[in-house]
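Novice: Residue numbers (my numbering): 336 to 462.
Heads up, the beta-carbon is just placed ideally off N, CA and C, and yes, glycines get one too.
Predicted, not measured: the structure shown is a model, and the values here were computed from it.
Take a look at the following structure, please.
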Amino acid sequence: MQPMPSTTDDTAAARDPRTSVMLSADVVRSEGSQPTQHRVLNVSVSGVCIAKPVGLVADMPVMVSIGRVDHVAARVKWVRGDRAGLRFDARIDLDAARQRRVGNAAPPPSSGWMASANERFRRQITA
Numbered sequence: 336m337q338p339m340p341s342t343t344d345d346t347a348a349a350r351d352p353r354t355s356v357m358l359s360a361d362v363v364r365s366e367g368s369q370p371t372q373h374r375v376l377n378v379s380v381s382g383v384c385i386a387k388p389v390g391l392v393a394d395m396p397v398m399v400s401i402g403r404v405d406h407v408a409a410r411v412k413w414v415r416g417d418r419a420g421l422r423f424d425a426r427i428d429l430d431a432a433r434q435r436r437v438g439n440a441a442p443p444p445s446s447g448w449m450a451s452a453n454e455r456f457r458r459q460i461t462a
């Protein structure tokens, strides 16, 4: 029986499978700052790759919200061109991260004919 190779945090992250998704992530750079929204290119239980990392630099601590996973501490591991890799301080629930946020639903129509489409007194046309 061969001994298991030692795994540091960085090698473990390289082994976690990545999933391509169509999500957005909110990244907060420091306490009290406004979150910036980024397109998620891929996500794993240990990290996320985002697009347009304006203002992010390697080794910067951040807070990330993705899907239904809110305010996860992370660190920017790398920034290359228009992409950045963020490593979560703790593993996340990947299923929760893939789910849409509750507050992201489109608001109901409030003007025009669509606003009254479901009124019970609206005249219905029959053929």
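Between the C-alpha atoms of residue 356 and residue 376, what's the straight-line distance to the nearest angstrom?
Specialist: In a straight line, the C-alpha of residue 356 is about 6 Å away from that of residue 376.
Novice: Comparing alpha-carbon positions, which option in 432, 384, 396, 406 lies nearest residue 491?
Specialist: Absent from the model: residue 491. The displayed extent of the chain is 336 to 462, so no value can be given.
Novice: Please return the same chain residues whose Cβ sits closer than 7 Å to the Cβ of residue 436, not counting the five positions on each side in sequence.
Specialist: Around residue 436: 402, 403.
Novice: If you compare alpha carbons, which of 429, 389, 354 is closest to residue 411?
Specialist: Of the candidates 429, 389, 354, the one whose C-alpha sits nearest the C-alpha of residue 411 is 389.
Novice: Can you name, in chain order, every residue of its own chain whose Cβ lies under 6 Å from the Cβ of residue 361, other than the five neighbours on each side?
Specialist: So the list reads 370, 372, 400, once near-sequence residues are dropped.
Novice: From the DSSP output, in three-state form, read off residue 361 for me.
Specialist: Strand, per DSSP.
Novice: Skipping 5 residues on each side, what residues in its chain have a beta carbon closer than 6 Å to that of residue 340?
Specialist: Residue placement at residue 340 is flagged as unreliable, the pLDDT there being 42, under the threshold of 50; the coordinate-derived value follows with that caveat. For residue 340, where only same-chain residues beyond five positions count, there are no Cβ hits under 6 Å.
Novice: What is the DSSP secondary structure of residue 433, reduced to helix, strand or coil?
Specialist: In the structure shown, residue 433 sits in a helix (DSSP, three-state: H, G or I).
Novice: Can you list, in chain order, the residues of its chain with a C-beta nearer than 7 Å to that of residue 430? Leave out the 5 residues immediately preceding and following it.
Specialist: So the list is empty, once near-sequence residues are dropped.
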